[in-house]
Amino acid sequence: MGFFVDNIWLVPACPLVGGLFAGFVARRVKIDPFAPVAIGVGLAFLLSLAAYAAADPEKTVVVSRWIEAGSFVVPLEFRVDGLSTLMLSMVTFISFLVVVFAGGYMAGDPGYPRFFAEIGLFVFSMTGLVLSNNYVLTYAFWEGVGVCSYLLIGFWYAKPAAAAAAVKAFLVNRLGDIGFALAIFWLWTVVPNHDLSYQNVLADSTLQSLPEAARWGIPLLLFWAATAKSAQLPLYVWLPDAMEGPTPVSALIHAATMVTAGVYLIARSTPLIALSPEVQLLIATIGCLTALLAALIALTQNDLKRVMAYSTVSQLGYMFMALGSGVGSLARLAIVAGMFHLFTHAFFKALLFLASGSVMHSMGDVIDMRRFRGLRRRMPYTCWTFALGALALAGIFPTAGFWSKDEVLVALGAAPHASREIGFGMGWLYGPLYWLAMLTAFLTAFYTFRAFFMTFWGPEKLPGPDDPEAPPAPVAAHDHGHDHEDHAADAHGHGHHEIGLESPAIMTYPMIVLAAGALLVGLLFGPTGLFEGHLEHTLGFESLPAAGHAFTWTTPIVSTIVALAGIALAFVMYAEPSDLPARVAAAVRPLYRASLNKFHVDEIYDGTVMALLRGFTLGSRIFDVKVIGGLVQGVANVPWAAAKDVLAKYQNGLIQFYAAASALSVAVLLWLLLFT
Amino acid sequence: MTDPFSIDLLTNYLLVGAALFALGMLGFVSRRNLIVMFLSAEMMLQGVGLSLVAFGRFHGNWTGQVFTIVILTVAACEASIAMALIVVLYNRKESLDVTLWQEVREEGVGPTDLVDEATQAAPLEHEDGIETYPTLTPAGLEPAHPIQPWTERRR
Numbered sequence: 001m002g003f004f005v006d007n008i009w010l011v012p013a014c015p016l017v018g019g020l021f022a023g024f025v026a027r028r029v030k031i032d033p034f035a036p037v038a039i040g041v042g043l044a045f046l047l048s049l050a051a052y053a054a055a056d057p058e059k060t061v062v063v064s065r066w067i068e069a070g071s072f073v074v075p076l077e078f079r080v081d082g083l084s085t086l087m088l089s090m091v092t093f094i095s096f097l098v099v100v101f102a103g104g105y106m107a108g109d110p111g112y113p114r115f116f117a118e119i120g121l122f123v124f125s126m127t128g129l130v131l132s133n134n135y136v137l138t139y140a141f142w143e144g145v146g147v148c149s150y151l152l153i154g155f156w157y158a159k160p161a162a163a164a165a166a167v168k169a170f171l172v173n174r175l176g177d178i179g180f181a182l183a184i185f186w187l188w189t190v191v192p193n194h195d196l197s198y199q200n201v202l203a204d205s206t207l208q209s210l211p212e213a214a215r216w217g218i219p220l221l222l223f224w225a226a227t228a229k230s231a232q233l234p235l236y237v238w239l240p241d242a243m244e245g246p247t248p249v250s251a252l253i254h255a256a257t258m259v260t261a262g263v264y265l266i267a268r269s270t271p272l273i274a275l276s277p278e279v280q281l282l283i284a285t286i287g288c289l290t291a292l293l294a295a296l297i298a299l300t301q302n303d304l305k306r307v308m309a310y311s312t313v314s315q316l317g318y319m320f321m322a323l324g325s326g327v328g329s330l331a332r333l334a335i336v337a338g339m340f341h342l343f344t345h346a347f348f349k350a351l352l353f354l355a356s357g358s359v360m361h362s363m364g365d366v367i368d369m370r371r372f373r374g375l376r377r378r379m380p381y382t383c384w385t386f387a388l389g390a391l392a393l394a395g396i397f398p399t400a401g402f403w404s405k406d407e408v409l410v411a412l413g414a415a416p417h418a419s420r421e422i423g424f425g426m427g428w429l430y431g432p433l434y435w436l437a438m439l440t441a442f443l444t445a446f447y448t449f450r451a452f453f454m455t456f457w458g459p460e461k462l463p464g465p466d467d468p469e470a471p472p473a474p475v476a477a478h479d480h481g482h483d484h485e486d487h488a489a490d491a492h493g494h495g496h497h498e499i500g501l502e503s504p505a506i507m508t509y510p511m512i513v514l515a516a517g518a519l520l521v522g523l524l525f526g527p528t529g530l531f532e533g534h535l536e537h538t539l540g541f542e543s544l545p546a547a548g549h550a551f552t553w554t555t556p557i558v559s560t561i562v563a564l565a566g567i568a569l570a571f572v573m574y575a576e577p578s579d580l581p582a583r584v585a586a587a588v589r590p591l592y593r594a595s596l597n598k599f600h601v602d603e604i605y606d607g608t609v610m611a612l613l614r615g616f617t618l619g620s621r622i623f624d625v626k627v628i629g630g631l632v633q634g635v636a637n638v639p640w641a642a643a644k645d646v647l648a649k650y651q652n653g654l655i656q657f658y659a660a661a662s663a664l665s666v667a668v669l670l671w672l673l674l675f676t
Numbered sequence: 677m678t679d680p681f682s683i684d685l686l687t688n689y690l691l692v693g694a695a696l697f698a699l700g701m702l703g704f705v706s707r708r709n710l711i712v713m714f715l716s717a718e719m720m721l722q723g724v725g726l727s728l729v730a731f732g733r734f735h736g737n738w739t740g741q742v743f744t745i746v747i748l749t750v751a752a753c754e755a756s757i758a759m760a761l762i763v764v765l766y767n768r769k770e771s772l773d774v775t776l777w778q779e780v781r782e783e784g785v786g787p788t789d790l791v792d793e794a795t796q797a798a799p800l801e802h803e804d805g806i807e808t809y810p811t812l813t814p815a816g817l818e819p820a821h822p823i824q825p826w827t828e829r830r831r
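Written as structure tokens, this is what we have:
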């Protein structure tokens, strides 16, 4: 065990080497690029398990020197404690299954080696992020994750929508990175020795000596960073668009390697965040609003993957609600609840995405739920694994989602009381948040099973070219070149097989494993206390207050009832094709339109922030061309004009004149230098 | 330790160097023959080199010597290039007189007076038979002077 912990750098290194091998070597030596990445990520998973068993709150491993500038020293140092090993095992496990799935899903794509190289890099960045032991290194890997997500969302870069989505994801994440960078700068000025390692920043003595402004400012900036990476309210807009990437990438981004980074950052910095109950309340509020808004949008989306994307945003909101409810004596319970929900969510969300990908693969790249129906006989594995994932997402006993969502709700429910204990006046706000979270749980169950019933239930229907929802067929005659280009962008091996068949074993096995996970991890880790026990080995965790919370039946019973009610409503409305949904939609038409159009958030951003930015860009451009450019041109014009009018007449072609002139000039210059 | 190379000795060397430099400069400015001008430039270079060596010796290190050797190397390269250029120029004009190249001047600037003198002085008479070589062109303009009796007699 000791060997694996001391060489923990092998965990990021394996996927990196696998990815580089897949990208640069595999094709030359005639090896399937899928193999090195799968092996690398699989090895990383095994190593993570070894590290998991040996987690120790104080254990750090210095791999090498990195930045050394005077008193500012940042080593390449990894921390092997409860939180990082937990994330590590989860990330590598999910990534391994997704890579295996992608081996089938991406077969035949022209960018096959590139895909696996980027996946390897992605896993490398994420494992590095959760392992690194100081904020600067975390920031470096944070950026690495951003870059890899950009590359993978824009994997089909010839498709304009994919390219736009990639740019959007990158830019929105950039906005969050500003917050992270500012937080690091601020931390640097206030912590002793300018040492940004976690054991220094999160030490009690450091936290006590922080200036008043930094006590709420730094947590706020860190949360700002997390809102972009983990898709929270002001900055969530990139995540639904990230659907343009290949489905395994979506599964990876949504479950393991991307959006969990923000939650991890907040959980890691909990001792710091807990200094300021106001920021915690803000985190919980933003989380709750995000959860509710995303759930409302997910109600009416027709794109199966988009429903899943909004549900991720919504569930991330739950995680932030949990992390934000850690006021006073609840700190430990809150972080356990948030991380536990992250952990279980990774399983069932990866499963749901892979199942959606399997449907999409089978339907010939059609993902609009109105164009297929009743697939449960054709695709039994996909159907039943999806059902398990959906049950877990809805939070039905005894699936994983039930345990973690209840823990979130329990933490939230206990928060008003804990706030009163520490005299935090605004703590009563947690009460409404609790009930909003319950409402979101109802909506979650409803939209999840709406998707399930619309896809797998009712009479069988396969997508045909004459569906009313089908995109208009490209007109071949005058538009041939464009048509061909589009086809090339979409073609990733789906054209060659008949639609409506169950996916191959390489795709169904990962789904079955994940389904088992979605069913069991909650039961295994939650009530047995394994999860909390493991997180005890986290840095700074002992110093957090632990409250023995009394178990109440209220929350599990209420949440189960609302989830069942949501499923029942979905069954009534969508199990058989009927005009009931249409009638309901017509009855609340403005609300329906708003939800279908995602509450026009993108348009609002376009009209306000983007318009401002465009104006600013235009102003900058004018300034650059007219003022800066004019200045440069003007300076360049001065010698030209002087030479033209004054000096030109002395260029008479006589070498002797030139020589005498230079000699005289030098003489004058020497005279001035020597005798004045 | 007393250095036998005193400041007085250095002054002598520097004076010779300066004299070489000044003579070279005067030659460069006053002569019209390309090759002589080039030789003058070389002389300026030697003046500088001599000063450098003297300074090096005075300071008791090799910097001046080494630098001079570098300068000599560069001067050798420069000489070969200059000779090649001079040959090209000669082939164009059949003369080494540099004032014949006055037309490479700014547009709109009039020719300098001595162009007439130059054209008179420069052209080379082609003679049949034995191959002829260019003769040295006169150095600048001959100053106006009264005719002396001893020259009178020779005429």
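So the protein lines, in turn, are chains A and B.
Heads up: the first sequence is residues 1 to 676, going by this note's numbering.
Heads up: the second sequence is residues 677 to 831, going by this note's numbering.
Just so it is clear, CB atoms sit at the ideal spot from N, CA and C, and this is done for glycine as well.
Check, Outcome
"Going along chain A, which residues have a C-beta under 7 angstroms from Met701/B?", "Ala663"
"With 16 other CB atoms within 10 Å as the buried threshold, where does Trp142/A fall?", "buried"
"Here's the rule I'm using: 16 or more other beta-carbon atoms within 10 Å means buried, otherwise exposed. How should Asn737/B be labelled?", "exposed"
"In angstroms with no decimal places, state the Cα-to-Cα distance between Ala418/A and Ala546/A.", "11 angstroms"
"Closer than 7 angstroms: is that where the CB of Tyr139/A sits relative to any heavy atom of the ligand MG?", "The ligand MG is absent from the structure shown, which contains no ligand whatsoever."
"For the structure I just gave you, are there three or more beta carbon pairs, one from the segment 434 to 452 of chain A and one from the segment 387 to 404 of chain A, closer than 8 angstroms?", "yes"
"Leaving aside the five residues before and after Ser662/A along the sequence, list all residues of the same chain whose C-beta is less than 6 angstroms from its C-beta, in chain order.", "none"
"List the residues of chain A that Gln778/B touches, going by C-beta distances under 8 angstroms, in chain order.", "Asn652, Gly653, Leu654"
"What residue from Glu407/A, Gly40/A, Tyr135/A, Lys305/A has the CA that sits closest to Ile557/A's CA?", "Glu407/A"
"How about Asn134/A and Leu196/A: are their beta carbons less than 8 angstroms apart?", "yes"
"Is DSSP giving Pro787/B helix, strand or coil here?", "coil"
"So, do the segment 689 to 709 of chain B and the segment 722 to 742 of chain B have three or more beta carbon pairs nearer to each other than 8 angstroms?", "yes"
"Counting pairs of Cβ atoms below 8 angstroms between the segment 314 to 331 of chain A and the segment 228 to 245 of chain A, do you hit three or more?", "yes"
"What residues from the segment 624 to 654 of chain A come within 7 angstroms of chain B, judged by C-beta to C-beta, listed N to C?", "Ala648, Lys649, Gln651, Asn652, Gly653, Leu654"
"Does any C-beta atom of chain A lie closer than 8 angstroms to the C-beta of Val774/B?", "yes"
"Taking the alpha carbon of Leu443/A as the point to measure from, which residue in Leu539/A, Ala44/A, Ile567/A, Gly533/A has its own alpha carbon closest?", "Ile567/A"
"May I ask which residues mark the beginning and end of the alpha helix (DSSP H) holding Glu278/A?", "277 to 298"
"Out of Lys59/A, Val61/A, Thr60/A, Leu76/A, state which residue places its alpha-carbon closest to the alpha-carbon of Ile703/A.", "Limits of chain A in this structure are 1 at one end and 676 at the other, which puts residue 703/A out of reach."
"Report buried or exposed for Leu187/A, applying the criterion of at least 16 other Cβ atoms within 10 angstroms of its Cβ.", "buried"
"List the residues of chain B whose Cβ lies closer than 8 angstroms to the Cβ of Ala611/A, in chain order.", "Per Cβ cutoff of 8 angstroms: no residues; Ala611/A is ~54 angstroms from chain B at best."
"Here's a check: name, in chain order, each residue in its chain whose Cβ is nearer than 6 angstroms to the Cβ of Trp224/A, leaving out the five neighbours to either side.", "Gly179"
"Going by C-alpha distance, which of Pro398/A, Ser503/A, Asn652/A is nearest Tyr381/A?", "Ser503/A"
"So which residues of chain A does Phe714/B contact, with C-beta pairs closer than 8 angstroms?", "Chain A residues near Phe714/B: none, gap ~11 angstroms exceeds 8 angstroms."
"Quick one: what does DSSP say Lys30/A is sitting in, helix, strand or coil?", "coil"
"Keeping to the same chain, check which residues put their C-beta closer than 6 angstroms to that of Ile297/A; ignore five residues upstream and five downstream.", "Tyr310, Ser595, Lys598"
"Report the three-state DSSP secondary structure of Asn302/A (helix, strand or coil).", "coil"
"Please tell me whether Thr344/A and Gly262/A are closer than 8 angstroms, where the distance is taken between their beta carbons.", "no"
"From Glu244/A, Trp238/A, Val609/A, pick the residue whose C-alpha is nearest to that of Ala158/A; which is it?", "Glu244/A"
"Using the three-state DSSP reduction, which class does Asp365/A fall into: helix, strand or coil?", "coil"
"Does any C-beta atom of chain A lie closer than 8 angstroms to the C-beta of Val785/B?", "yes"
"Is it the case that the Cβ atoms of Met321/A and Leu429/A are separated by a distance below 8 angstroms?", "no"
"Compute the distance between the beta-carbons of Thr270/A and Ile335/A, then report whether it is under 8 angstroms.", "yes"
"If the criterion is Cβ atoms closer than 8 angstroms, does the pair Leu654/A and Gln778/B meet it?", "yes"
"Rounding to the nearest angstrom, what Cα-Cα distance links Val201/A and Thr260/A in this structure?", "22 angstroms"
"Which bits of chain B does Ala659/A rub up against, with CB to CB less than 7 angstroms?", "Phe704, Val705"
"How is the beta strand (DSSP E) around Pro75/A delimited, first residue to last?", "72 to 79"
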